[in-house]
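In short: position in the sequence shown from 1, add 15, done, that's my numbering. Yeah, the Cβ is synthetic: ideal placement off N, Cα and C, and Gly gets one too. Worksheet for the structure shown next.
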Amino acid sequence: MSNKTILVTGGAGYIVSHTSVALIEAGYDVVIADDLSNSSAGAVDGVRRITGTDVPFERVDCNDRAALRELFERYRFDGAIHFAAFKAVGESVDEPLKYYDNNVGSFLSLLETMRLFGVRNVVFSSSATVYGQPDVLPATEASPRKPANSPYGATKQICEDILRDAVAAYNSAGGPEEEGLRGIALRYFNPIGAHPSALIGELPRGVPNNLIPYITQTAAGIRAELSVFGDDYHTPDGTALRDYIDINDLALAHVTAIGRMLNDRQRQNYEVFNIGTGVPVSVLELVHGFERANGVKVPYKIVARRPGDAEAVWADTTLAATELGWRATRTLEQTLRSSWRWEQQLKK
Ligand code: UDP
16 MSNKTILVTG GAGYIVSHTS VALIEAGYDV VIADDLSNSS AGAVDGVRRI TGTDVPFERV
76 DCNDRAALRE LFERYRFDGA IHFAAFKAVG ESVDEPLKYY DNNVGSFLSL LETMRLFGVR
136 NVVFSSSATV YGQPDVLPAT EASPRKPANS PYGATKQICE DILRDAVAAY NSAGGPEEEG
196 LRGIALRYFN PIGAHPSALI GELPRGVPNN LIPYITQTAA GIRAELSVFG DDYHTPDGTA
256 LRDYIDINDL ALAHVTAIGR MLNDRQRQNY EVFNIGTGVP VSVLELVHGF ERANGVKVPY
316 KIVARRPGDA EAVWADTTLA ATELGWRATR TLEQTLRSSW RWEQQLKK
């Protein structure tokens, strides 16, 4: 029996490269498609080296329907994982049309092309950002979504709704269940870390917005000191709480999600899962944990809160554990070591 073939869009990015490795290691054939507008082909090389496969890379803009159709004519896909999206929150506020066009447009193009070619299974990369500041913690999948803080956040909510509606509509068409669309949205909390080989990892462009790349660059001497955004939150040490999930664990959640749809063809409904650890960690705990794990110093100063930041967000992971059988397994120490290994090899 031939392997199942999975299209991953946005394939040259951080989350996708790790997911591609996990899919290949689980026995899937993977086709990576990306327009390289926000990433580099280096990540694809990393995937090839880690897996020892010549995974195909196709330079395709998912917003280009003709190009997408041409891709679906050349490969017979069993499913798709849609990562292709712009993700800079601040930029999305300045250039909303660019974000709606790219993030929503590319998902619509993908779903329409999937329908045209009878491809039934799709995983969408969503985000804990849809919860805003949850009223009750930890956030469950049933927690209400809050009005988005940015066009970026809005595109995640809109794409979730598009998937929900498409799955509902195309499954109620009355045809055999084989014709239905199946969809899973994975709401990522804060993905961090790198592959143990340090061949792939997060490659921020310019000054990092996210905490871990800023910490690793500060430890490496590229940045003088980390700014900790606020120590007057209502949290044990005053700094904000997040749920930091190892990128390799997160990658495996996609393997489980796509397998759930492929192996249970009766499954009709749209599903949403939190992908986190369930453990809140403060900014200062992460800084000190990084210092301890790696034996390095991370100079920091406390500055004002960053506008738009939530005080505390962490996941209830019960549903992913009971339904998907997935849970995070790496320790924070392991993950923080992998972040530092990745940063260190970047200068080589
Ligand atoms: N943060 C910080 N300094 C930085 C970057 C981030 O103190 O240079 C804090 C930020 O305020 C938040 C946490 O670290 O409380 C995680 O931020 P990140 O941007 O990584 O992810 P977010 O949860 O905002 O998506």
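*Please determine, among R91, F92 and D116, the residue with the shortest C-alpha to C-alpha distance to S100.*
Here residue 100 is taken as the residue at index 85 of the sequence shown, counted from 1. What sits at residue 100 in the sequence shown is Ala, not Ser. Looking at the Cα atoms, D116 is the closest of the given residues.
_Nearest neighbour of Y203, chosen from D79, V46, I227 and I260 [CA to CA]_ = Here residue 203 is taken as the residue at index 188 of the sequence shown, counted from 1. Nearest option by C-alpha distance: I260.
*With DSSP as the reference, label F87 as helix, strand or coil.*
For the purposes of this step, residue 87 is taken as the residue at position 72 of the sequence shown. Helix, per DSSP.
*Residues in its own chain within less than 6 Å of V119 by CB, not counting five upstream and five downstream?*
Taking the first residue of the sequence shown as 1, we reach residue 119 at position 104. Hits under 6 Å: T170 and I173.
*Run the CB neighbour count on R356, radius 10 Å, all protein chains shown included, and call it buried at 16 or more, exposed below.*
The residue you call residue 356 lines up with position 341 of the sequence shown. Flag for R356 reads buried.
*Which first and last residues belong to the beta strand (DSSP E) in which D116 is found?*
Within the sequence shown, residue 116 is the residue found at index 101, counting from 1. Premise fails: D116 is in no beta strand (DSSP E) and is neither H nor E.
*asked:* Assuming F72 is part of the beta strand (DSSP E), what are its boundary residues?
replied: Here residue 72 refers to the residue found at position 57 when the sequence shown is read from its first residue. Here the beta strand (DSSP E) through F72 covers F72 to R74.
_Bounding residues of the beta strand (DSSP E) (the contiguous stretch that carries S242)_ = Along the sequence shown, one-based indexing puts residue 242 at 227. Note, S242: beta strand (DSSP E), L241 to F244.
*Excluding the 5 residues preceding and the 5 following Q283 in the sequence, name in chain order all residues of the same chain whose CB lies nearer than 6 Å to its CB.*
Sequence index remark: in the sequence shown, residue 283 carries index 268 (1-based). So the qualifying residues of the chain are N186 and G195.
*F72 versus G105, K102, E106 and S35, residue with shortest Cα-Cα distance*: Position 57 of the sequence shown, counted from the start, is the residue given in the question as residue 72. Considering only alpha carbons, the answer is S35.
*In or out: A200 buried (at least 16 other Cβ within 10 Å) or exposed?*
Translated into the one-based positions of the sequence shown, residue 200 becomes position 185. Label assigned to A200: buried.
*Where do the N-terminal and C-terminal ends of the beta strand (DSSP E) with T24 fall, by residue?*
Taking the sequence shown and counting its residues from 1, the one referred to as residue 24 is at position 9. T20 to T24 is the span of the beta strand (DSSP E), which, as asked, contains T24.
*What are the partner residues of E175, as DSSP defines its beta bridges?*
Within the sequence shown, the letter at position 160 stands for residue 175. Paired residue(s): none; E175 is not in a bridge.
*Just jot down, in chain order, the residues whose CB lies closer than 6 Å to any heavy atom of the ligand UDP.*
N205, N224, N225, L226, Y229, L241, S242, V243, F244, A255, R257, V298, R321 and D324
*Go ahead and pull the three-state DSSP assignment for G195.*
On the sequence shown, position 180 is the one that residue 195 refers to. Here G195 sits in coil by DSSP.
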